[in-house]
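The structure appears below as structure tokens.
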Amino acid sequence: MTTKHTILWVSAHPEAESLNGSLRADGIRHLLQAGHEIIESDLYGMGWDPVLSGDGIVPPGDHFRVTDDTRRAYIEAKLPADVEREQQKILAADAVVVQFPLWWYGMPAILKGWFDRVFLSGFAFGKDPHDGRRLRFENGPFAGKRALVVTTLGDRPASIGPRGKSGELTELLFGLLHGTFAYTGMSALEPFAVPSADFTDAESYGDHQQQLLRRLDGLFAEPAIPYRPQFQGDYTDQWELEPSVCPGESGLSIHRTATATTGGGRPPNGSARGARTAAACAAPPKRATQRS
Ligand SMILES: Cc1cc2nc3c(=O)[nH]c(=O)nc-3n(C[C@H](O)[C@H](O)[C@H](O)COP(=O)(O)O)c2cc1C
Numbered sequence: 035m036t037t038k039h040t041i042l043w044v045s046a047h048p049e050a051e052s053l054n055g056s057l058r059a060d061g062i063r064h065l066l067q068a069g070h071e072i073i074e075s076d077l078y079g080m081g082w083d084p085v086l087s088g089d090g091i092v093p094p095g096d097h098f099r100v101t102d103d104t105r106r107a108y109i110e111a112k113l114p115a116d117v118e119r120e121q122q123k124i125l126a127a128d129a130v131v132v133q134f135p136l137w138w139y140g141m142p143a144i145l146k147g148w149f150d151r152v153f154l155s156g157f158a159f160g161k162d163p164h165d166g167r168r169l170r171f172e173n174g175p176f177a178g179k180r181a182l183v184v185t186t187l188g189d190r191p192a193s194i195g196p197r198g199k200s201g202e203l204t205e206l207l208f209g210l211l212h213g214t215f216a217y218t219g220m221s222a223l224e225p226f227a228v229p230s231a232d233f234t235d236a237e238s239y240g241d242h243q244q245q246l247l248r249r250l251d252g253l254f255a256e257p258a259i260p261y262r263p264q265f266q267g268d269y270t271d272q273w274e275l276e277p278s279v280c281p282g283e284s285g286l287s288i289h290r291t292a293t294a295t296t297g298g299g300r301p302p303n304g305s306a307r308g309a310r311t312a313a314a315c316a317a318p319p320k321r322a323t324q325r326s
């Protein structure tokens, strides 16, 4: 029997009758049929305000120290109501699906502004307001939650592969997967991507839909991208990879360990398939000891 979970589905597309709108509707229906609880943030539908400003946080005309003042407002429970609602949704969720069309190699502004306004100091990063603990990576506040990107893009499949001109997809999305999901403690899954999205017809839509539903079936079982923990010996106090780890190697893939998700566990639509390169090196013995 499938364990029932709560899933927050955040989507950012202005048109319900689009490829994104169809994938969203089909994905949510499938999760509901599996018995999960769905919380939705359809950002365009909600009229979400993406602009992080001092409105409602500091009096008009006051100097707005963005990190400090939003942190204080969070601790004093004085954030704008729309931000508090989104924070409650995240706390309630076991997994977050973040769905968007790739626009200029990133997420639409309305979605970027959701992260800007909701993922605030004290809540998502910075120091824990209660115990002063540094909130990041394995100490992140959202540890235990899973995160899946569902994206569509105009580029061809090969262009987001290991040698693709647009950059391998997990590297293209490094800021979101590593710098946001993993940073806040979430287990980032390989993104689900529909390339050549502008040429989708009824037949190819059926394939994409089936692949998405399979990925959703694995939302709580699939191995996560094995990003390195921050505080277990892999990094210097300047947050640079220790010289003894992947010696001489550079690039984004050095921030993954080599093996955790390979071998049978690859998702059916992992556009990063085969992307684990020579630079994805093994952890040093020191680290293996610390983990055991
Ligand atoms: C403003 C804008 C920027 C885009 N930037 C990219 C891009 O950087 N890379 C890419 O592959 N496709 C890009 N595209 C193509 C979209 O990703 C594609 O049209 C969309 O995913 C199709 O899904 P939809 O029919 O649900 O909108 C862009 C489209 C727009 C409108």
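In terms of the working numbering, the sequence shown opens at residue 35 and continues consecutively.
All C-beta atoms, glycine included, are put in the ideal place defined by N, C-alpha and C.
Assumed close pair residue i, residue j - CB separation to whole angstroms, cut-off 8 Å
| i | j | result |
| --- | --- | --- |
| Gly55 | His47 | 6 Å |
| Leu211 | Thr204 | 6 Å |
| Arg105 | Leu154 | 6 Å |
| Glu202 | Gly213 | Rounded, the Cβ-Cβ distance is 16 Å, inconsistent with contact. |
| Ala258 | Leu223 | 6 Å |
| Ser75 | Glu120 | 6 Å |
| Phe176 | Gln264 | 15 Å between Cβ atoms; not a contact. |
| Leu53 | Leu145 | About 16 Å; that fails the 8 Å criterion. |
| Ala68 | Thr36 | 6 Å |
Whether residue i touches residue j by CB criterion (8 Å)
| i | j | result |
| --- | --- | --- |
| Tyr108 | Phe149 | no |
| Ile41 | Lys123 | no |
| Phe208 | Leu286 | yes |
| Ala129 | Lys179 | yes |
| Thr291 | Arg262 | yes |
| Ala231 | Gly188 | yes |
| Arg190 | Pro225 | no |
| Asp243 | Asp60 | Looking at the sequence itself, residue 243 is Gln, so the reference to Asp does not match. Taking 8 Å as the Cβ cut-off, Gln243 and Asp60 qualify as a contacting pair. |
| Val117 | Arg167 | no |
| Phe254 | His39 | yes |
Heavy atom of ligand 1 within 7 Å of residue i beta-carbon
| i | result |
| --- | --- |
| Asp76 | no |
| His47 | yes |
| Ala231 | yes |
| Asp235 | no |
| Ser52 | yes |
| Trp137 | yes |
| Leu187 | yes |
Simplified DSSP state of residue i, which is helix, strand or coil
| i | result |
| --- | --- |
| Leu253 | coil |
| Leu57 | helix |
| Glu74 | strand |
| Arg248 | helix |
| Ser52 | coil |
| Lys146 | helix |
| Tyr261 | strand |
| Gly160 | strand |
| Gly140 | strand |
| Leu275 | strand |
| Ser87 | coil |
| Thr186 | strand |
| Arg151 | helix |
| Ser284 | coil |
| Gln266 | coil |
| Pro93 | coil |
| Ala111 | coil |
| Arg99 | coil |
| Leu327 | Any answer about residue 327 is impossible in this case: the structure gives the chain only from 35 up to 326. |
| Trp43 | strand |
| Phe134 | strand |
| Ala15 | The requested residue 15 is not part of the displayed model; the chain covers only 35 to 326. |
Cβ pair count under 8 Å reaching 3, the stretch 78-92 against the stretch 100-113: By the C-beta criterion, the stretch 78-92 is judged to be in contact with the stretch 100-113, since at least 3 inter-stretch pairs fall below 8 Å.
Are three or more beta carbon pairs between the stretch 159-169 and the stretch 110-118 nearer than 8 Å? Short answer: they don't touch.
Could you say if the stretch 175-183 and the stretch 124-142 meet the contact criterion of at least three C-beta pairs nearer than 8 Å? As far as the Cβ criterion goes, the stretch 175-183 touches the stretch 124-142, which means the pair count is three or higher.
Is it the case that the stretch 81-88 contacts the stretch 270-279, given that we only count it when at least three CB pairs across the two stretches are under 8 Å? Contact between the stretch 270-279 and the stretch 81-88 is absent: fewer than 3 CB-CB pairs across the two stretches fall below 8 Å.
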